[in-house]
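For the record, in the sequence shown the residue sitting at position 247 is 246 according to numbering that gives the first Met the number 0, with numbers rising by one throughout. Using N, Cα and C, we set each Cβ at its ideal position, and we do this for glycine too. The structure appears right after this line, and notes come after that.
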Amino acid sequence: MVFVIPPKVHLLDLIGPIHIFYEAREMGVPMELHFVSLDGSTEVESSAGLSFCEVVTFHPFDLSKDDFVFVPGLDLGLLSNPSFFRANNLFLNWLYEQYQSGATICSVCTGAFLLAEAQILNGKKCTTHWKYLSLFRERYPGAELLENRLFVVEDRLYTSAGVSSGIDLALFILEHKFSLKLAADVAKEVVVYFRRGELDPQLNIYLQYRNHLENRIHQVQEFLVNNLAHPLNLEELAEKVHMSPRNLTRLFKKTTGITIGKYQNQLRLEQAASLLGAGQKVELVAQACGFSGANQLRELLKRETGALPSDFFPCK
């Protein structure tokens with residue numbers, strides 16, 4: 000994972016995603032974090048005046064399909080100065096070459112301007128901060144700019160709207176590169192229970208109903224997440240948190256707003272949709288997710304989402 004630190008970088012655009020991947024690494028994910036400057040400088044000052052030291056040059060990095068490059072936003076004054084791009088032409092060429100070599104390129108906020116200058120957004124869907132949509136569209140008519148989107152993913156290009164959406168994007172990458180569970184664990188660790196998605200603000204069930212401080216309910220939720228195929232046994236759950244079944248039922252509903260059974264069903268449907276999307280057979284998915292059979296899975300999908308299992312099958 001290579002993080003670009005441009006001059007006058009916006010701190011949260013950079014630090015937010017870095018911390019998400021740092022937490023993933025702390026949880027055992029084999030991941031290296033590298034920090035590079037645009038011009039070989041070893042010290043870079045942010046837009047807020049805080050400086051980063053011991054930054055290295057981008058030249059030695061020759062990336063491939065397993066690598067990611069994050070380009071955060073920076074001060075608009077630099078992006079409005081043509082000489083800034085001319086002075087960093089070598090970096091722009093390097094960024095283009097990494098994309099051509101198979102690396103995934105990500106931008107946060109006005110970082111999308113650097114991707115566009117590197118000629119890798121031509122004909123691609125993308126987004127940037129809402130304040131700069133008109134300027135971006137005027138400068139880069141070849142890019143297919145999307146408005147009112149937290150982030151956009153197309154062909155190994157991930158562009159996000161800015162600031163906290165970079166955190167959403169980082170969690171999205173963890174979910175798709177590793178697992179839903181890892182993304183949920185990292186989100187919980189950094190107390191980001193409301194993780195937003197690519198197309199709309201819909202909440203992932205692994206993170207939804209977790210914006211509370213009731214540790215006993217968190218323990219129950221963790222058990223349900225990790226035991227999807229396990230039949231719901233209210234007495235067993237209550238015993239784990241030293242409560243009576245009746246009190247647990249009441250506290251769970253009061254804390255989350257839904258019943259334990261409904262929460263478990265939503266967890267199972269989320270996992271079922273993921274497995275169906277990976278091409279798994281309906282019968283095996285139903286068994287893995289704890290449903291009584293394929294018919295129950297079909298009925299719940301239809302009732303809760305209006306979809307059938309075939310709607311989740313991967314496109315050929």
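Would you mind stating whether V54 and T41 have Cβ atoms separated by less than 8 Å? Within the sequence shown, the letter at position 55 stands for residue 54. Within the sequence shown, the letter at position 42 stands for residue 41. Cβ distance < 8 Å, so V54 and T41 count as in contact.
Would the beta-carbon of K176 fall within 8 Å of that of V151? As a working mapping, residue 176 is identified with position 177 in the sequence shown. As a working mapping, residue 151 is identified with position 152 in the sequence shown. Cβ distance not < 8 Å, so K176 and V151 don't count as in contact.
Can you say whether N246 is buried or exposed, counting buried as having 16 or more other CB atoms within 10 angstroms of its CB? The residue given as residue 246 occupies position 247 in the sequence shown. Burial call: exposed.
State the Cα-Cα distance for the pair T158 and E238, rounded to the nearest angstrom. Indexing the sequence shown from 1 puts residue 158 at position 159. Indexing the sequence shown from 1 puts residue 238 at position 239. Rounded to the nearest whole angstrom, the C-alpha separation of T158 and E238 is 46 Å.
What does DSSP give as the partner residues of C108 in its beta bridges? The residue labelled residue 108 in the question sits at position 109 within the sequence shown. For C108, which the question treats as bridged, DSSP gives no partner whatsoever.
Have a look at L11, H229 and E143 and flag the residue whose alpha-carbon is nearest the alpha-carbon of I166. Sequence index remark: in the sequence shown, residue 166 carries index 167 (1-based). Ranked by Cα distance from I166, the first of L11, H229 and E143 is L11.
Determine, using beta-carbon pairs with one atom in the stretch 103-113 and one in the stretch 66-83, whether at least three such pairs fall under 8 Å. Yes, the stretch 103-113 touches the stretch 66-83.
If you run the structure through DSSP and keep just helix, strand and coil, what is V240? In the sequence shown, counting from the first residue as 1, residue 240 sits at position 241. Residue state, collapsed to three classes: coil.
Does DSSP put T254 in a helix, in a strand, or in coil? In the sequence shown, counting from the first residue as 1, residue 254 sits at position 255. Shown here, T254 sits in a helix according to DSSP, grouped into three states.
Kindly indicate which three-state DSSP category L60 falls into: helix, strand or coil? For this step, residue 60 is matched to residue 61 along the sequence shown. Reading off the sequence shown, one finds Phe at residue 60, where the question assumed Leu. Here F60 sits in coil by DSSP.
Pull up the DSSP beta-bridge partners for K124, would you. Against the sequence shown, residue 124 aligns to sequence position 125. In DSSP, K124 forms a bridge with E143.
Candidates L179, R302, F251 and A186: which alpha carbon is nearest S16's? Here residue 16 refers to the residue found at position 17 of the sequence shown. Note on residue identity: the sequence assigns Pro, not Ser, to residue 16. Checking every option, the nearest Cα to that of P16 belongs to A186.
Given a cut-off of 8 Å on the beta-carbon distance, is the pair L77 and P140 in contact? In the sequence shown, the residue the question calls residue 77 occupies position 78. In the sequence shown, the residue the question calls residue 140 occupies position 141. Not in contact: L77 and P140 (Cβ atoms no closer than 8 Å).
Measure the beta-carbon distance from V281 to P308 and round it to whole angstroms, keeping in mind my assumption that it falls under 8 Å. By one-based count along the sequence shown, residue 281 stands at place 282. By one-based count along the sequence shown, residue 308 stands at place 309. Confirmed, Cβ separation roughly 5 Å.
Would you list the residues sitting across from E235 in a DSSP beta bridge? Here residue 235 refers to the residue found at position 236 of the sequence shown. According to DSSP, E235 bridges with nothing at all.
Using a Cβ-Cβ distance under 8 Å, would W129 count as near chain C? This model lacks chain C altogether, as it is built from one protein chain only.
Measure the CB-CB distance between L296 and A285 and report whether it falls below 8 Å. Numbered from 1 along the sequence shown, position 297 holds the residue referred to as residue 296. Numbered from 1 along the sequence shown, position 286 holds the residue referred to as residue 285. The criterion of a C-beta distance shorter than 8 Å is satisfied by L296 and A285.
Which two residues bound the contiguous beta strand (DSSP E) that contains H33? Counting from 1 along the sequence shown, the entry for residue 33 is found at position 34. DSSP places H33 in the uninterrupted beta strand (DSSP E) bounded by H33 to S36.
What does the alpha-carbon distance come out to for the pair L89 and S163? Translated into positions along the sequence shown, residue 89 becomes position 90. Translated into positions along the sequence shown, residue 163 becomes position 164. One C-alpha to the other measures close to 29 Å.
Measure the alpha-carbon distance for S170 versus D61 and round it to whole angstroms. For the purposes of this step, residue 170 is taken as residue 171 along the sequence shown, with counting starting at 1. For the purposes of this step, residue 61 is taken as residue 62 along the sequence shown, with counting starting at 1. Note that residue 170 is Leu in the sequence shown, not Ser. Their Cα atoms are separated by approximately 25 Å.
For F57, which residues in the same chain have their Cβ closer than 7 Å to its Cβ, ignoring the five residues on either side in sequence? Walking along the sequence shown from the start, residue 57 turns up at place 58. Closer than 7 Å at the Cβ level, and outside the excluded window around F57, lie V35, F90 and W93.
Do V189 and H9 count as a contact pair if the criterion is CB distance below 8 Å? Locating residue 9 in the sequence shown gives position 10, counting from the first residue. Locating residue 189 in the sequence shown gives position 190, counting from the first residue. The answer is no: Cβ separation not under 8 Å.
Assign E22 to buried or exposed, taking buried as 16 or more other Cβ atoms, counted over all protein chains shown, within 10 Å of its Cβ. Translated into the one-based positions of the sequence shown, residue 22 becomes position 23. That one is buried.
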